[in-house]
Amino acid sequence: MDAILIQILNGLDKGAAYALIALGLTLAFGTLGIVNFAHGALFMLGAFCAVTFSKVISFSKQIKDESVTIFDAYKEIPYLEIWWGDFGALIVDFAVPLSIIVAIPVMILVGIIMERGLIKHFYKRTHAEQILVTFGLAIVIQEIIKHFFGANPIPTPAPDIVSGSAAVGALVGLSENLVYPWWRLIYIVFSGLIIFAVFAFLQFTTFGMVVRAGMADRETVGLLGINIQKRFTIVFAIAATVAGLAGVMYSPILPPDYHMGMDFLVLSFVVVVVGGMGSLGGAVAAGFLLGVLQSFASMNEVKSILPGIDQIIIYLVAVVILLVRPRGLMGREGVFED
Amino acid sequence: MTNILEIKGVNKTFGGLHALRDVNLEIYEGETHAIIGPNGAGKSTLLNCCIGKLIPDDGSVTFNGNNMIGVDAHDINHAGMVRVFQTPEIFPELSLLENVLIPALAKRDGTFKFNPFGDIFNEKEIREEAMATLAEFGLEGFSEDHAGSMSRGNKRRLELAMGLIQKPKLLLLDEPTAGMARLDTNNTIDLLKTGKMREMTKVIIEHDMHVVFSLADRISVLARGHIIATGSPEEIKNDPKVKEAYLGEGDHE
Amino acid sequence: MKNLFKSNMSIMLVFSAIVLTAPIWLTPLGANYPDLLQKFAIFGLFAVGYNILFGLTGYLSFGHAAFLGVGSYTAVWSLKLLSMNVFLGIILGTIMSGIFALAIGYLSLRRSGIYFSILTLAFAQMAYSLAYSVLTPITNGETGLQIAANDPRYLDSLVGISQQGQGIPSTNFFGVLLKSWDGYFGFYFAAVILILGFYLSLRVFRSPFGLKLRAIKSNQTRMTYTGFNTRPYLLSAFVISGMYAGLAGSLMVAIDPLAGAERMQWTASGEVVLMTILGGVGTLIGPMLGAVVIKYFENIFSALNNSELHQVFNFLPSFLEETMVFIVSPFVGSGWHLTLGALFMLVVIFLPGGMMEGVTKINSFLKRKFGKTDAEESDVSIQQEVQAKAQQGGE
Amino acid sequence: MKKNDTNKSRRTFLKTATASSIAATAPASMFYIKDAFAAEDFRNNPKDSKTVTLGFNVPQSGAYADEGADELRAFKLAVKHLNGEGDGGMMNTMKPSMLKGNGILGKKVAYVTGDTQTKSDAARASAKRMIEKDGALMISGGSSSGVAIAVQGLCQEMGTIFMAGLTHSNDTTGKDKRRYGFRHFFNTEMSGASLGPVLEKEYGNERTAYHLTADYTWGWSQQGSIKKYTEELGWKTKAAVKTPVGAGDFSQFITPVLNSGADVLVLNHYGKDMVNSLTQAVQFGLRDKQVNGKDFQIVVPLFSRLMAQGAGDNIKGILGSTNWNWSLKDAGSQAFVKSFGKEYGNPPSQAAHTCYVQTLLYANACEMAGTFYPPEVIKTLEGYKFDGMGNGATEYRAEDHQCFKDVLVVRGNEKPSSQFDLLEVVQEVPRAQVEYDASLLGGELGPYKV
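Here the protein sequences come in this chain order: P, L, F and B.
Take 1169 as the starting number for the first sequence in our numbering and just add one per residue.
Take 726 as the starting number for the second sequence in our numbering and just add one per residue.
Take 216 as the starting number for the third sequence in our numbering and just add one per residue.
Take 119 as the starting number for the fourth sequence in our numbering and just add one per residue.
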């Protein structure tokens, strides 16, 4: 029972990341008709917002380390700590959650620049060309990051207070063995909030209504004389921000490196396809579903029956879905079904 | 007269919409048969049921004595029923000559032939035939130009050439003059009336009455998914049901 | 198009001459060492084959690296179990990847457009993941599959060749070691196969089969109503290009008998897409050109460092030299991917026909400038284009 | 230049072909000829050149990039010392030594570098570039056994000596050993032999282990060795799960451990993988657990200070083995740490140490042989006994080109005295305890001449 529960939690955790990335991807696809291979790079950029922010606020003074005698060594102490003492240390410690404040405007800006500068010129080009140009863009973005941050993952720890694990089992009256890291729980909740916010925005605002109408029938909305261009830009900025926030919060789980976007890109595309191209609900559902499936597939009991299944389960599901039901779980009929 | 195409009791519904109701139609060999009707009467649906794009709910479509329902589109083509599209469907990136070579190759190679070592430049016979066909439509001067850069009138000619080179038993023309200026329309009418095109069995879907009455040997009128009349142009002109259902409205268009 | 095909013979002669003299004319570029030359030939072959699918039919596969990997693994196993003669390994590698391509293509081609791309991507990733995990007895996983001194090599021992006690034998082609001539034999071997492969692709391009593939790319629906069953055509193109990939993969093994799973990863598939687009998709020579450029970047550009840059710019005044080095340095060395990505974007945005389109444009520009008759011709075609656009707009 | 070479080797090829009786009598063309160097000539022979080029092939990206960066620092330092710059480091403590600080055989040492990306294909490509284009006479480096084995195979083929960097799999000097490959670093067999008794002392005989293993030659080798030695103690092995290299998120592999009934987790991971898996194992509360009435323990059989730095507090108290640590007090280690620390502001890692030593050993062997001709250099290194390089008296065993020396069993330091003082040496296991017969691991070295 514990084993099952913990696999579910673990699946939700993975699924939360998949769902968040896929959500932005499918939003951009559904409204703008853009197949964005640079979406993974946006996720990565978000994570590097956290990295940059924590680097900046932990900017340090070098102090000679007297304990090393054999050669001259230097210790680094953040200036914030020197100036503000414990409070400064606390801020440094909370770098990741605090960096959300920075990440939101940065990602919005990145989204706007990307849409205005490049994506907008590709609305009328073929999907293949969109894939190719955004693939190129993804390479450029990740190489720029590599240039400034190096090729190696940069540890970006969560605040100390949540670095341990929560006794989830004891909390809900189950076995005490059932523990789960705090930060991963936070990630699940956080992604739930973001997803809720996006859906609420689309559901309850006029802007959202237009966007939803656009997803249903782009041409008609264009004919209504609504300034679609501006809305497209905003939608793209939202998609970028969602991906970016997913990246920020993911950085303590996986030390960010310049390549992390590419690793998630393929998976999130699969998630979008399984959910149904252009279906927001589908993307979220498929994200969590695939996360949980993958988590269960990596149980030893499963692997002993189907060796290697944990490595391919996601792709396998995608292949089956594409062959049997190309519109995906919740996609509309006719989207790309030829 | 022998029937080349027989449509019997065809019904087709989309959701709640009854697009075709018990349609019966016979096309005689050698005739030019026009199907007319107001927008949304089901003309295109009927055509699509013939060429394998749609499968009727019930009824039969027999071509040359063979059932055509559920047969793949490419096999229907090889049976001898060839379609010319409303908006010219050509290969825009290929040259005009290549555009005509393709259907000629289809005629020769069948639905699939793996011949990666042939040489398209040495296929003298088929190239000459293609050039001759282009010449028939006055396109020989453009044979090396990209089809996509042609004017709409030339695209239409090209498409007719593509249909003709396959020597079909029956040519289905879907609004061959749609969107054309009067001059082009008249040119197209002339094209369809002269040379090899004249003798060919044709079904024309059209709502330009000028075209219909210039070309058709017989006319069927489709209204709300149902054939309300079939006959010679004179008979149709004087049919009160037709007047009511179609011609009256047609004048307004 | 026609000019391109004017003469089979002269194209092949020029191509062969350029390829076979590569060790000489690449010397000033520092790219004349065997390993890189071999890479040019092998990846050129890979791209030329990929172009038969992507260039002719327009189907964007993101999984061709899997076939390259299958070819490699098969070839290593042939070296291990049968013979150190690479002839057999290359044949078997090509056939085996053809079989894989048939299976994957059969399923993937049930969909088109982006769904096709994602299907191929998923299949290739599965192959990669399995090669990395469960299939390690066959692939030796991350370590890579290598030959060993005590491999059985049944065919070799059958004809009485034994290498016991001599360490690990080298690959040979009917007795001639691939590493002979300081490794240049390996290059010439690959180059001859490249020339053959290029000739084959040339034939495909100008065959009725090739024309039909181009027609499918142009308007697949129309092909169906013209009487063609398009799927077998697509499948043939897919299998042919898969076999090219397998051939390239087994050539890699022939020259360097090792197969690693990473050559099956989707980014490796992405690389061949980059090559094809960069050079000019659907053109005969473009993909080969793209492969050379990318491999040159990867091997030479990536090894450039600041001191070498200073040498390049040392004709400038020193402050300018510093500035130039500062500007250029992020784009070379480990930053070569940045150059590649940026170049690729520029090509997709401004030159969808790749470098070959650039060549054509420059050519016609020069002609317009210096040759009157041609200028008139191009003016006519421009007029036609304008006309066509105006008409489309009017609809 | 190129043309000459080609002619020469073609001539050599013909000579060999006619001289060889097999060639003369071979019935079919499907036979096999050995290419050979004439004794006076060999690939990249520096001849009259004033410099000799060495190739340093290290991971600059991927899971082992930290080690790679440190290796490169060590190589640069070694080249400096060989050329007589700096304080000379271990050149002053190495014995016997013929190094004079004037390069190698009077030729100044130059070097080229490459990025292995921790991938076999990429590593071979960059090694090939260094040999074929840059004229490297010796290749060294690497931080993965997969890469080491791949590059070692290539070097045998090319007739270029390979002085392995950090490679810990048994296969490097076992199943896949090569005449042209040498390893100073220890291996998993030695780790198992040294760690076994300590584990018994600390955790007793009744333990159930759960292995998470990097899925490649080193992981398999280490899992095998640890399993072998712990099962000899009476431990049980609950499961051994393979994880992909560079997986990043190991949570899906760690969660099954929680309820498996195992009370020891053996992490057969290295570099970033180990930092991630250990951190996540701790996050999932493994170290606070009680299983079978015992405290749950984590063991990391191959340790390095760089990893300890990455893992932070999580590493405290965890047992493992290491080839070398900067805290050693012998003269050689001290000289090296001093020199390295002065240059870079931090102490060298074990990866840096082994690469530095390997470079010096190669240079010294050339001096001793009086030539760069690889077969002669190889013969000098085989059976070479030396001291003063940080691990006590050491021998390059001729049968498998494996160095035999003392091994360190270490523990994550609970109370570090400085930011670098992360590993506490539990025991210096003497060489005799970790020595094994060369036949145990099999393999075949192959010929001197290629």
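Quick reminder that beta carbons are idealized off the backbone N, C-alpha and C, glycines included.
All values derive from a computational prediction rather than experimental measurement.
Continuous alpha helix (DSSP H) stretch holding residue i: start and end
{"i": "HIS471 (chain B)", "result": "468-487"}
{"i": "LEU393 (chain F)", "result": "Premise fails: LEU393 (chain F) is in no alpha helix (DSSP H) and is neither H nor E."}
{"i": "ALA1218 (chain P)", "result": "1207-1225"}
{"i": "THR498 (chain B)", "result": "492-499"}
{"i": "PRO958 (chain L)", "result": "958-963"}
{"i": "VAL547 (chain F)", "result": "Where VAL547 (chain F) is concerned, there is no enclosing alpha helix (DSSP H), given that its DSSP letter is neither H nor E."}
Under the three-state DSSP convention, the category residue i falls into
{"i": "MET256 (chain B)", "result": "strand"}
{"i": "ILE362 (chain F)", "result": "coil"}
{"i": "THR386 (chain F)", "result": "coil"}
{"i": "ALA948 (chain L)", "result": "strand"}
{"i": "ASP289 (chain B)", "result": "helix"}
{"i": "LEU241 (chain F)", "result": "coil"}
{"i": "ALA181 (chain B)", "result": "coil"}
{"i": "HIS977 (chain L)", "result": "Since pLDDT at HIS977 (chain L) reaches only 40, below the 50 mark, its modelled position is unreliable, and the value read off the structure follows with that caveat. Helix, per DSSP."}
{"i": "GLY505 (chain F)", "result": "helix"}
{"i": "LEU999 (chain L)", "result": "In the structure displayed, chain L extends from 726 to 978; residue 999 (chain L) sits before or after that span and is not available."}
Burial state of residue i, where buried means 16 or more other Cβ atoms lie within 10 Å
{"i": "LYS576 (chain F)", "result": "exposed"}
{"i": "ALA232 (chain F)", "result": "exposed"}
{"i": "PHE565 (chain F)", "result": "exposed"}
{"i": "LEU360 (chain F)", "result": "buried"}
{"i": "PRO367 (chain F)", "result": "exposed"}
{"i": "LYS533 (chain B)", "result": "exposed"}
{"i": "ILE408 (chain F)", "result": "buried"}
{"i": "THR236 (chain F)", "result": "exposed"}
{"i": "TYR369 (chain F)", "result": "exposed"}
Selected residue, minimal CA-CA separation from residue i, among the options
{"i": "LEU420 (chain B)", "options": "B:ASN377, B:ALA183 and B:VAL525", "result": "B:VAL525"}
{"i": "GLY1253 (chain P)", "options": "P:PRO1265, P:SER1226 and P:SER1419", "result": "P:SER1226"}
{"i": "ALA240 (chain B)", "options": "B:GLN178, B:TYR566, B:HIS519 and B:ASN464", "result": "B:GLN178"}
{"i": "THR289 (chain F)", "options": "F:ILE314, F:PHE269, F:ASN444 and F:LEU275", "result": "F:ILE314"}
{"i": "LYS838 (chain L)", "options": "F:LEU553, F:ALA483, F:ILE500 and F:TYR448", "result": "F:TYR448"}
{"i": "GLY863 (chain L)", "options": "L:PRO893, L:ALA829 and L:LEU821", "result": "L:LEU821"}
{"i": "VAL786 (chain L)", "options": "L:LYS737, L:PRO901 and L:GLY755", "result": "L:LYS737"}
{"i": "LYS168 (chain B)", "options": "B:GLY221, B:GLU275, B:LYS198 and B:LEU376", "result": "B:GLY221"}
{"i": "VAL409 (chain B)", "options": "B:ARG549, B:ASN377 and B:LEU313", "result": "B:ASN377"}
{"i": "PHE331 (chain F)", "options": "P:GLY1499, P:VAL1488, P:LEU1497 and P:MET1498", "result": "P:VAL1488"}
Enclosing beta strand (DSSP E) for residue i [first to last residue]
{"i": "ARG808 (chain L)", "result": "806-809"}
{"i": "GLN1230 (chain P)", "result": "1228-1232"}
{"i": "ARG746 (chain L)", "result": "742-753"}
{"i": "LYS567 (chain B)", "result": "Per DSSP, LYS567 (chain B) belongs to no beta strand (DSSP E) and is neither H nor E."}
{"i": "ALA1326 (chain P)", "result": "Here ALA1326 (chain P) belongs to no beta strand (DSSP E), and DSSP marks it neither H nor E."}
{"i": "ILE372 (chain B)", "result": "No beta strand (DSSP E) holds ILE372 (chain B); the alpha helix (DSSP H) holding it covers 369-376."}
{"i": "GLY232 (chain B)", "result": "226-233"}
Give the residues from the segment 311-328 of chain F that approach chain P closer than 8 Å (Cβ to any Cβ), ordered along the chain. LEU322, ARG325, ARG326, SER327 and GLY328
Using a Cβ cut-off of 9 Å, which residues of the segment 481-493 of chain F contact any Cβ in chain P, in chain order? TRP481, THR482, GLY485, VAL488, LEU489 and ILE492
Taking a cut of 7 Å between CB atoms, which residues from the segment 311-340 of chain B lie near chain F? ASP333, TYR334 and THR335
Residues in the segment 349-376 of chain B having any Cβ partner in chain P nearer than 8 Å: ALA357, VAL359, PRO362, GLY366, ASP367, SER369, GLN370, PHE371, THR373, PRO374 and LEU376
According to a CB-to-CB cut-off of less than 9 Å, which residues of the segment 341-371 of chain F neighbour chain B? SER344, TYR347, SER348, THR351, ASN355, GLY356, GLU357, THR358, GLY359, GLN361, ILE362, ALA363, ALA364, ASN365, LEU370 and ASP371
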